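Peer 1: Before anything else, here's the structure in question.
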Amino acid sequence: MTQEVLTQERTWQGTAVSSGVAHAVVHVLREDFDEPDADPITAEEVEAELARWHTAMDATHREIEQLKEMVSTEERSAEADIFDTHLLILEDMSIRKHVEKTVREKLICVDAIYYRLMCKHMDALRGLADSYLRERFLDIKDITHRVMRHLRGELLQHPMFDDPVIIVAHDLTPSDTVQLDRSKVLGFAIETGSGNSHAAIIARSLGLPAVVRLHGITDELHSGDPVLLDGDEGALILNPTPATLSKYRSREQLAEKRDDALHETRHQPSVTLDGMAIQVCANAEFVEEMGDIRDSGAAHVGLFRTEFLYLEDPAGTEDWLADNYTRAVKIIAPGQVIFRTLDIGGDKVDEQLASEQEPNPFLGWRGIRVSLGRRDMFKRQLRALLRAAAHGPIGIMFPMVSDVGEVRAAKELLAECANELSAEGYPPPQQVEIGAMIEIPSAALTADLIATEVDFFSLGTNDLVQYTLAVDRLNERVADLYSPTHPAVLRLIALTVEAARRAGIRVCICGEMAADVEVLPLLIGLGLDELSVSTGQISRVKHAIRKLNASECRSIIDACRHLGCPKEILGLSRTMAHEMYPDLFE
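FYI, in the UniProt record's numbering the residues of the sequence shown are 1 to 586.
What follows is the structure in structure tokens.
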């Protein structure tokens, strides 16, 4: 009876944020470690148990050595000293001997023995007045955390799964994503978040199903549990029955048939019924995506988020960056790759920059502010981009611009880098266009001034909506207030488009709004030149564009000018969308 209850089908209902279905075992990523159960072992299992612990200790040792190497510069010697301390704790022979002796004598799993011993050391130091000893408490906590996650197979840098998995987590940060073996991940099931959270965006970029707001699943599920993730209906099903799997297989077959039909049309031009051409481009995070993008029907890469390479190796050299950027450029050439310079801050936290807590990181040091504040880092990236531009056309766009002065300062530094490279004998770039991201209301309101300094605009609607409406898109309590069809947002987009028209430059949307085919009539009505979306959405968006009439879309904008309710505006756009391409909503 107990086994029957354990294997009974159970369903959690959340919010679907990336379509598709996945069936696999879960891999749970926990935010912290809980005290492990003192599971008994037999005398015959002792050596295997200790070998498992030694493997976890060795993996932690290698990890700390790598971290130490990353910061082993004269300027960061203090950070390297911290990792020396961590290695001393890890190699402490008294700890190792005590753990081995206790496991042999008490015949209890090593997880519980090691955890309890380290907690005793932490309790002895916790709350002491001496600042040096308080720091040792933090060192021991960090080491214990790392070893325990290795024992459980949950440390992202070294994920211990050989087969495909569905990632279950409280949340998923950009740095988490960089460290995952993405070739083994089939989907994401997240406790928090919204359709505009990082987990949702990255899932859509990778073409994987994702469901958020699945409350309590990290406590209820364990790594290895079989689940079915429904990214269309927002469900997570534990222990799916054969009948459930059969039903989903039938649904998947129909979806695959529709997707195959769209895929066949991916290279057809995206022109409205009345002849308005709109380029559909691809968003990218990783160089590995370039091959798929080239075959997706995308006009070019409208947004390459460079912070993911940075998070992969914050100490990456100029040569390493140039090599990665060049690989991306060569694959897409003669098409263009538009690189967004580092957009660190907000939800993309770099631990090296987070030593000082910010009360509100989304209103703090992020985007172009960080780059201009760390000129050596910025120059390293700009030089690498210019070197890559010798192999094909690129765009360089600056994120989180708030006024024209920031654009001018960035351009001056870019010109300085170009002069240096020329003097050093590097080949000149083929073609470099400069762009500004419009994602702060102040930038939209002064778009006419910024337009004189750039070749194109790119509207980052994820942040533009957030900053215009004072809604943190990662805060579940207010996520429902996040509305791209709010009249204030649409007016700022219209101002930006008008400023671009007067200056003779093009304007693109690269936020998640661009891939929402229900609001596509609004974007066409507003006069956008380009839409940049995740690779999996390209054929879908191009199909929708070919079914719309631009003049009719402009009439919707006229009808919306006096509407104050975002839901009413969305309703008008949604009605046209469902009438013109009903096949996309079946």
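Just so it is clear, CB atoms sit at the ideal spot from N, CA and C, and this is done for glycine as well. Bear in mind the structure is a predicted one, so any value in this text is a computation, not a measurement.
1. Quick check: the Cα distance between N475 and V212, rounded to an integer number of angstroms?
2. Would you identify the three-state DSSP class for S18, choosing helix, strand or coil?
3. Determine the extent of the beta strand (DSSP E) in which E530 is found, giving its start and end residues.
4. I'd like the span of the alpha helix (DSSP H) that includes V103, first residue to last.
5. Tell me, to the nearest whole angstrom, how far the beta carbon of D529 is from that of Q279; I am working on the premise that it is less than 8 Å.
6. Would you mind listing the beta strand (DSSP E) stretches within the UniProt domain "PEP-utilising enzyme mobile" (162-234) that are 3+ residues and don't spill past its ends, in chain order?
7. Would you decide whether R149 is buried or exposed? Buried here means 16 or more other CB atoms lie within 10 Å of its CB.
8. State the beta-bridge partners of N283 as determined by DSSP.
9. Can you check which of these residues, L311, N462, P240, L445, is closest to V404 by C-alpha distance?
10. Smallest Cα separation from T272: which of V432, V99, H543, M513?
11. Mind the definition here: the segment 288-305 touches the segment 522-542 only if three or more C-beta pairs lie below 8 Å; say whether that holds.
12. Would you decide whether F304 is buried or exposed? Buried here means 16 or more other CB atoms lie within 10 Å of its CB.
13. Can we say the segment 330-345 touches the segment 393-402, given the rule of at least three CB pairs closer than 8 Å?
14. Do the segment 511-519 and the segment 238-247 meet, that is, are 3 or more Cβ pairs less than 8 Å apart?
15. Give the DSSP-derived three-state secondary structure of G425 in the structure shown.
16. When burial is assigned at 16 or more other CB atoms within 10 Å of the CB, is P582 buried or exposed?
17. Grab me the residues of V478's own chain with a C-beta within less than 7 Å of its C-beta, minus the 5 sequence neighbours each way, in chain order.
18. Using alpha carbons as the reference points, say which of L421, L372, R408, E406 lies closest to A389.
19. Tell me whether the segment 479-494 and the segment 462-471 touch, counting them as touching only if at least three CB pairs, one residue from each stretch, are closer than 8 Å.
20. Could you give the DSSP three-state label for R10: helix, strand or coil?
21. According to the neighbour-count rule (16 or more other Cβ atoms, all chains shown, within 10 Å of its Cβ), is R387 buried or exposed?
22. So, A210 versus G231, is the Cβ gap smaller than 9 Å?
23. Evaluate contact between the segment 52-59 and the segment 245-263, counting only Cβ atoms and requiring at least three cross-stretch pairs below 8 Å.
24. State the DSSP-derived secondary structure class of E433, mapped to helix, strand or coil.
25. Hey, is the segment 179-186 in contact with the segment 79-98, meaning 3+ C-beta pairs nearer than 8 Å?
26. Cβ of G504 versus every heavy atom of the ligand FAD: is any distance shorter than 8 Å?
27. Out of V432, E433, C417, I434, point me to the one whose CA is closest to Y426's CA.
28. Report the three-state DSSP secondary structure of V329 (helix, strand or coil).
29. Give every residue of the same chain whose Cβ lies closer than 6 Å to the Cβ of G193, excluding the five residues on either side of it in the sequence, and list them in chain order.
30. Could you give the C-beta distance for I108 and A43, rounded to a whole number, given that I count them as a contact under 8 Å?
31. Here's a check: name, in chain order, each residue in its chain whose Cβ is nearer than 6 Å to the Cβ of N324, leaving out the five neighbours to either side.
32. What's the gap between the Cα of T461 and the Cα of R340?
33. Taking F456 as part of the alpha helix (DSSP H), name the residues at either end of that continuous run.
34. Find the nearest neighbour of I493 within the set N283, M437, T218, judged by alpha-carbon distance.
35. Over what stretch of residues does the beta strand (DSSP E) that includes residue 593 continue unbroken?
36. Which residue from K547, E579, E568 puts its Cα closest to that of Q268?
Peer 2: Well, looking at it:
1. Going by the C-alpha atoms only, they are around 12 Å apart.
2. strand
3. 530-533
4. 93-106
5. With a Cβ gap of about 7 Å, D529 and Q279 count as contacting.
6. 165-169, 185-190, 210-212, 226-230
7. buried
8. L303
9. L445
10. Looking at the Cα atoms, H543 is the closest of the given residues.
11. yes
12. buried
13. yes
14. No, because fewer than three Cβ pairs between the segment 511-519 and the segment 238-247 fall closer than 8 Å, the two stretches do not touch.
15. Assignment of G425 by DSSP, reduced to helix, strand and coil, places it in the coil class.
16. exposed
17. Around V478: V471, D472.
18. L421
19. The segment 479-494, when compared against the segment 462-471, does touch it at the 8 Å Cβ threshold.
20. strand
21. buried
22. A contact, by the Cβ cut-off of 9 Å.
23. no
24. strand
25. no
26. With respect to the ligand FAD, the structure offers nothing, as it holds no ligand at all.
27. C417
28. helix
29. A199, V212
30. Actually they do not touch by this definition, with Cβ atoms about 12 Å apart.
31. V287, L309
32. 15 Å
33. Here F456 belongs to no alpha helix (DSSP H); instead the beta strand (DSSP E) covers 456-459.
34. M437
35. Here the chain comprises residues numbered 1 to 586, so residue 593 is not present and cannot be evaluated.
36. Ranking K547, E579, E568 by Cα distance to Q268 puts K547 first.
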